[in-house]
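See below for the structure under consideration.
2 protein chains.
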Amino acid sequence: MGAPLPRDPIADAQRNWERHGWADVAAPMAAITAVMRTQQILLARIETALKPFGLTFARYELLALLSFARSGALPMNKASALLQVHPTSVTNAVDRLQEAGLVIRSPHPTDGRTTLIELTSEGRTLAKRSTAVLNAEVFGQSGFEAPDVDQLIRILGNFRRNAGDFSG
Amino acid sequence: MGAPLPRDPIADAQRNWERHGWADVAAPMAAITAVMRTQQILLARIETALKPFGLTFARYELLALLSFARSGALPMNKASALLQVHPTSVTNAVDRLQEAGLVIRSPHPTDGRTTLIELTSEGRTLAKRSTAVLNAEVFGQSGFEAPDVDQLIRILGNFRRNAGDFSG
DNA sequence: TCCAAACCCTTGGATGTCCTAGTATATTGC
DNA sequence: GCAATATACTAGGACATCCAAGGGTTTGGA
Numbered sequence: 005m006g007a008p009l010p011r012d013p014i015a016d017a018q019r020n021w022e023r024h025g026w027a028d029v030a031a032p033m034a035a036i037t038a039v040m041r042t043q044q045i046l047l048a049r050i051e052t053a054l055k056p057f058g059l060t061f062a063r064y065e066l067l068a069l070l071s072f073a074r075s076g077a078l079p080m081n082k083a084s085a086l087l088q089v090h091p092t093s094v095t096n097a098v099d100r101l102q103e104a105g106l107v108i109r110s111p112h113p114t115d116g117r118t119t120l121i122e123l124t125s126e127g128r129t130l131a132k133r134s135t136a137v138l139n140a141e142v143f144g145q146s147g148f149e150a151p152d153v154d155q156l157i158r159i160l161g162n163f164r165r166n167a168g169d170f171s172g
Numbered sequence: 005m006g007a008p009l010p011r012d013p014i015a016d017a018q019r020n021w022e023r024h025g026w027a028d029v030a031a032p033m034a035a036i037t038a039v040m041r042t043q044q045i046l047l048a049r050i051e052t053a054l055k056p057f058g059l060t061f062a063r064y065e066l067l068a069l070l071s072f073a074r075s076g077a078l079p080m081n082k083a084s085a086l087l088q089v090h091p092t093s094v095t096n097a098v099d100r101l102q103e104a105g106l107v108i109r110s111p112h113p114t115d116g117r118t119t120l121i122e123l124t125s126e127g128r129t130l131a132k133r134s135t136a137v138l139n140a141e142v143f144g145q146s147g148f149e150a151p152d153v154d155q156l157i158r159i160l161g162n163f164r165r166n167a168g169d170f171s172g
């Protein structure tokens, strides 16, 4: 978006917080702001890697999730729960994946309320190919040191458990 | 959005990656996915805390940034650089803050291309009040242990520097 | 049995982000 | 001094996310 700033804007914000008498929450503020910015950077890298496939991260996640399901199909509500996004976001993603011929909707055999999302063979192929690129261009070059990766998994895992994402 | 899942979906994804022969990037994949999900949780908390003020996080960040500027005013391009978002996002936020009477646009005294964003007194008051609530309800109850906060600041700070956010 | 409550998905609306392009103003170089 | 380039902001479009509300299907208790 632009050239590097001369100083870390988040560290500046942390100093501002301390200067204004909010020293007790300055560090968590900085950590949370850093998470927000890191997500933005990572998302941009992911979207860039997926662009040649006509995929966005939201659509990729759904495709990948389906590719790991034994039958290659999942109920929409299940996908919503596992991806931890709003049901309407899944509807949106499925609409576009279906237009692209990567998934199809089919009725649930026993529950008339439920819609199954099923991977087409094109969808399965694209999932494989796009995962290979993501692995090579993003996950394989994350810029995180190996010990820091472990720390992140631990710290954010605890956070997500406390936030009610999972009970395990 | 729903009840806690019985198992951590990101840990499951990590196992899937390992099972499919991508063990070398499974951990970074999990760490990155965890960052994405953590951001989502934190953003939801922040938006909830700001809702009573009619603010979103994007608008709050701009308001807070202005409140720390000595003169209470900043050029839009400067705000874009410091917040590290696209210029059009700043335009969008300023439009809405201006409608709400929290900031005003004024011409730059010497550069006709530049627009200054200036805090109104209402804007300054709201910045103070909303910051107090964010500090109390979000930053003060982040759910991160103090040592983990330091780790996050260090790890994500290194990442952001490597990503070209700042050079310091 | 049968109707109310619960559940599933979709539609429509509000926001935010980015990209591309277009207009206006500054700066640079010949 | 004037044209070419660079910079600043905005308009329009594509996507994603969430919330609120609506219509269809199941479930469960009276």
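Protein sequence lines correspond, in order, to chains A and B.
When we follow this note's numbering, the leftmost residue of the first sequence carries the number 5, and every step to the right adds one.
When we follow this note's numbering, the leftmost residue of the second sequence carries the number 5, and every step to the right adds one.
Each residue gets a CB set at the ideal place from its N, CA and C atoms; glycine is no exception.
For a contact defined as C-beta to C-beta under 9 Å, what are the partners of residue i on chain B?
i                     : result
residue 96 of chain A : The contacting residues do not exist; residue 96 of chain A stays about 15 Å from chain B at best.
Work out the CA separation of residue j and residue i for me, nearest whole Å.
i                      : j                      : result
residue 13 of chain B  : residue 87 of chain A  : 8 Å
residue 6 of chain A   : residue 90 of chain B  : 10 Å
residue 171 of chain A : residue 27 of chain A  : 33 Å
residue 92 of chain A  : residue 78 of chain A  : 16 Å
residue 113 of chain A : residue 81 of chain B  : 56 Å
residue 111 of chain B : residue 73 of chain A  : 57 Å
residue 23 of chain B  : residue 41 of chain A  : 31 Å
residue 11 of chain A  : residue 162 of chain A : 31 Å
residue 85 of chain A  : residue 119 of chain A : 14 Å
residue 136 of chain B : residue 128 of chain A : 49 Å
residue 4 of chain B   : residue 117 of chain B : Nothing can be reported for residue 4 of chain B: it is not among the residues displayed for chain B, which extend from 5 to 172.
residue 144 of chain A : residue 150 of chain A : 11 Å
residue 52 of chain B  : residue 52 of chain A  : 31 Å
If you check the beta carbons only, do residue i and residue j fall under 8 Å apart?
i                      : j                      : result
residue 70 of chain B  : residue 121 of chain B : yes
residue 46 of chain A  : residue 39 of chain B  : yes
residue 157 of chain B : residue 167 of chain A : no
residue 43 of chain A  : residue 155 of chain B : no
residue 76 of chain A  : residue 123 of chain A : yes
residue 16 of chain A  : residue 8 of chain B   : no
residue 142 of chain A : residue 50 of chain A  : yes
residue 148 of chain A : residue 32 of chain B  : yes
residue 152 of chain A : residue 159 of chain B : yes
Measuring only between beta-carbons, confirm whether residue i sits less than 8 Å from chain B.
i                      : result
residue 159 of chain A : yes
residue 119 of chain A : no
residue 171 of chain A : yes
residue 108 of chain A : no
residue 123 of chain A : no
residue 101 of chain A : no
residue 57 of chain A  : no
residue 66 of chain A  : no
residue 156 of chain A : yes
List the residues of chain A that residue i touches, going by C-beta distances under 7 Å, in chain order.
i                      : result
residue 33 of chain B  : 143
residue 72 of chain B  : 20
residue 168 of chain B : 8
residue 63 of chain B  : Within 7 Å Cβ-Cβ: nothing; residue 63 of chain B doesn't reach chain A, min ~14 Å.
From the beta carbon of residue i, is the nearest beta carbon of chain A less than 8 Å away?
i                      : result
residue 43 of chain B  : yes
residue 115 of chain B : no
residue 153 of chain B : yes
residue 79 of chain B  : no
residue 147 of chain B : yes
Can you give me the Cβ contacts of residue i inside the same chain, cut-off strictly under 7 Å, excluding the 5 residues immediately before and after it?
i                      : result
residue 134 of chain B : 54, 57, 59, 64
residue 126 of chain A : 105, 106
What residues in its chain sit with their C-beta under 6 Å from that of residue i, if we drop five residues either side in the sequence?
i                      : result
residue 3 of chain A   : For chain A, the structure presents residues 5 to 172; residue 3 of chain A sits outside this window and is missing.
residue 21 of chain A  : 30, 33
residue 146 of chain B : none
Skipping 5 residues on each side, what residues in its chain have a beta carbon closer than 8 Å to that of residue i?
i                      : result
residue 102 of chain A : 108, 109
residue 132 of chain A : 71
residue 164 of chain A : 170
residue 4 of chain A   : With chain A covering 5 to 172 only, the question about residue 4 of chain A has no answer from this structure.
residue 130 of chain A : 57, 59, 67, 106
Under 9 Å Cβ-Cβ, which residues of chain A neighbour residue i?
i                      : result
residue 133 of chain B : Per Cβ cutoff of 9 Å: no residues; residue 133 of chain B is ~14 Å from chain A at best.
residue 25 of chain B  : Going along chain A, no residue has its Cβ under 9 Å from residue 25 of chain B, so there is no contact; the nearest lies around 10 Å.
Note down, in chain order, every chain A residue with its Cβ under 8 Å from the Cβ of residue i.
i                      : result
residue 164 of chain B : 12, 14, 38, 41, 42, 45
Residue i touches chain B at which residues, Cβ-Cβ below 7 Å?
i                     : result
residue 29 of chain A : 139, 143, 144
residue 85 of chain A : 6, 9
Please find out if some non-hydrogen atom of the ligand SAM comes closer than 7 Å to the beta-carbon of residue i.
i                     : result
residue 74 of chain A : Here there are no bound small molecules, and the ligand SAM is not part of this structure.
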